[in-house]
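Protein chains in written order, with the numbering used here: chain A, 1 to 522; chain B, 523 to 715.
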């Protein structure tokens, strides 16, 4: 797609018109300038185009040109072929219609409608156009010299036919309609019914013939110009005999009408012939002709044609169509240049857009990083506190671990054992009269510390058993968890009667701190 | 140049420009992107930690460390209070003498296997001294000596005791013979071989 504004340039034998988005400028072409224009590659028209461009305030840009040339050919062909065959046939035929043609002749063929006729055979409407390669190059060069890049180079005839075909297809479905449009130097007549195209033909008659009639009438009385005659034609159209056309020069309708009649007659004959060949007699009698115009209509023209045809002719204003690429005979070199330039421009735009996106992304991401950095910095005090706490907890864990190992070690070797010294001291403090300890033996049995005591006691004076007080005293000691009498037997203890015994004490494990507290109780 | 060649050229240039743009974006934005990602992760982590745990009480942790360290020092001191093996024998003899009991026999034993077992089990370097001892003397003095052994020589475990009253010879009334086996443990200080 072309980048930048697109101008429309209309090149006709009588004027050059430049249309920008908001302005229109028209430069009349003197008849003498047009006559030799093509043989000189249109260079003679360069000043006129430059003037028109200056008027619309444009000095460069892309342009679509609608041109009229002596050799341009355009034709609506109805062919009893399929789509592709019809296209090929149309191209061949339109190329042959040129006086000089070859493989490089710019041509186009647009399939407008495809269907079957009443007998069931295929019927394809193809719009074909062609022009000499030199002509197209001349048109392209004409634009390039004005610093315009040719985009679409469209023969006006092809454009008119396409326009009229679409208008005919859009006509009401309930009646046979013919669309008549008169362009500056050509006309077109198409017919359609029920949304289908019936016929289409280019006419030699254009507005210029009617304007020329005005010009001839005026020339007999005064100086004239194409612009003035065209202006008067659009103002007065087909006048009555007594209509005052130019009060200053004293020109009335009666002076113009004789000049207009031949042109009108010729137009009527072309229309009649076309309708007669294209339509059945019954359809031809009922056809409604619509005199279409895209701007100001010519007053009285519809009525004049109606009178000549004896058929209803109504005026209708219709919109122009946008220029279509498929109607263009743009030489391939221009297409290639245009395509490359378009791609290059698109690439530049894409690259700049990418850089902008990258820069934006960089800036946005950097800002996000800065904001996060500030937020992180805001939590640094807490983070440092957490780090110190983590470090201290690690240190505490180390200390606890080491203490745990030492405690386990001490617990394993010392703390869960009884204090032998305390137990023996406890024995020495027992207040049992006559108690004699013969042997004390401590040892470890399984997980217990065991003390075995062998000794003797005299029989009490009342003959009572002396062992229970001893067992009671031992059992009451906090150092002893259990007392077991292993053996006892009566025998002499010295000279007295007594008991020899053997006791097994299971000692209570203690920790060093407990010993002081136990000392009081034992 | 054909239309296809024009399109191919344009596509190739587009790909090159797109690749260059991607590379430029990657190079230019990499730093800030990674920085933002890292900061976001750090911020999320900190916020999560604050939410889960709240602010730590450093003073209480410091107090706990001090308390536990003091306890560790006490235990270490206790566990390493035993003299070295050679000095231990001298100290035991001296203690017996000071308590007025006579040492009739003192037989040290080999303890390397015990040290190794402790190292394996607790991960501690501990010197072990084990011996069998026969004392003769007054019972109270022998008991006092035994208490001194358990109190003043660090980690000490009296494995077995056998006490026999003498009373065989005249004048020996009130004296006993005490035979016992004791094991002393000495925690090596850190860094000591």
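In this text, a Cβ means the ideal position worked out from N, Cα and C, and glycines have one as well.
- In chain B, no part has a C-beta under 9 Å from the C-beta of residue 499 (chain A); the shortest such distance is about 17 Å.
- If you draw a straight line from the Cα of residue 142 (chain A) to the Cα of residue 37 (chain A), it is about 11 Å long.
- Per DSSP, the unbroken alpha helix (DSSP H) holding residue 426 (chain A) starts and ends at 420–428.
- For the pair residue 76 (chain A) and residue 161 (chain A), the CB atoms are nearer than the 8 Å cut-off.
- Using a CB distance cut-off of 8 Å, residue 393 (chain A) counts as an interface residue toward chain B.
- Taking the C-beta atoms as reference points, residue 316 (chain A) is found nearer than 8 Å to residue 290 (chain A).
- Three or more pairs of CB atoms, one per stretch, sit closer than 8 Å, so the stretch 6–20 of chain A contacts the stretch 168–185 of chain A.
- Residue nearest to residue 624 (chain B) within the set B:661, B:591, B:594 is B:661 (criterion: CA-CA distance).
- Contact with chain A is found for residue 682 (chain B), since one of that chain's Cβ atoms lies less than 8 Å from the residue's Cβ.
- Taking the CA atoms as reference points, residue 582 (chain B) sits about 14 Å from residue 397 (chain A).
- Contact between residue 681 (chain B) and residue 651 (chain B) is ruled out by a C-beta separation of about 13 Å, above the 8 Å threshold.
- For residue 686 (chain B), the chain A residues whose C-beta falls within less than 9 Å of its own C-beta are 438, 439, 440, listed in chain order.
- Interface flag for residue 361 (chain A) against chain B is set, since a Cβ pair is found closer than 8 Å.
- Chain A places no beta carbon closer than 8 Å to that of residue 625 (chain B), leaving this residue out of the contacts.
- Only 402, 403, 405, 406, 407, 408, 409, 410, 412, 413, 414, 417, 419, 420, 421, 422, 424, 425 from the stretch 401–427 of chain A bring a Cβ to less than 8 Å from some Cβ of chain B.
- Fewer than three pairs of CB atoms, one per stretch, sit closer than 8 Å, so the stretch 239–254 of chain A makes no contact with the stretch 188–202 of chain A.
- Annotated three-state conformation of residue 411 (chain A) is helix, per DSSP.
- Residue 128 (chain A) places its beta carbon less than 8 Å from that of residue 90 (chain A).
- DSSP, reduced to helix, strand and coil, places residue 175 (chain A) outside both helices and strands of the structure shown, so it counts as coil.
- Chain A has a Cβ within less than 8 Å of the Cβ of residue 536 (chain B).
- Restricted to the stretch 651–708 of chain B, the beta strand (DSSP E) segments that are unbroken, complete and at least 3 residues in length are 677–687, listed in chain order.
- For residue 401 (chain A), no pairing in a beta bridge is given by DSSP.
- When only Cα atoms are considered, residue 55 (chain A) and residue 146 (chain A) end up about 13 Å apart.
- Put simply, of A:442, A:238, A:63, A:227 the residue whose alpha carbon is nearest the alpha carbon of residue 700 (chain B) is A:442.
- Proximity of the stretch 23–33 of chain A to the stretch 98–111 of chain A falls short of the contact definition, fewer than three beta-carbon pairs being nearer than 8 Å.
- Here residue 251 (chain A) is buried, its C-beta having at least 16 other C-beta atoms within 10 Å.
- Per the DSSP secondary-structure output, residue 16 (chain A) pairs in a beta bridge with A:11, A:27.
- In chain order, 263 place their CB closer than 6 Å to the CB of residue 209 (chain A), counting only its own chain and leaving out the 5 sequence neighbours on each side.
- Taking 7 Å as the cut-off between beta carbons, the residues of the stretch 320–350 of chain A near chain B are 336, 339, 340, 343, 347, 350, in sequence order.
- The beta carbon of residue 322 (chain A) lies closer than 6 Å to none in the same chain, with the five residues before and after it left out.
- For residue 662 (chain B), the chain A residues whose C-beta falls within less than 7 Å of its own C-beta are 428, listed in chain order.
- Apart from the 5 residues on each side of it in sequence, residue 420 (chain A) sits with its Cβ closer than 6 Å to the Cβ of 442 in its chain, given in chain order.
- When DSSP states are grouped into helix, strand and coil, residue 459 (chain A) belongs to the coil group.
- Among the bridge pairs identified by DSSP, residue 498 (chain A) is matched with A:458, A:491.
- In the structure shown, residue 348 (chain A) falls within a helical segment according to DSSP collapsed to helix, strand and coil.
- In the three-state reduction of the DSSP assignment, residue 318 (chain A) falls in the coil class, being assigned neither a helical nor a strand state.
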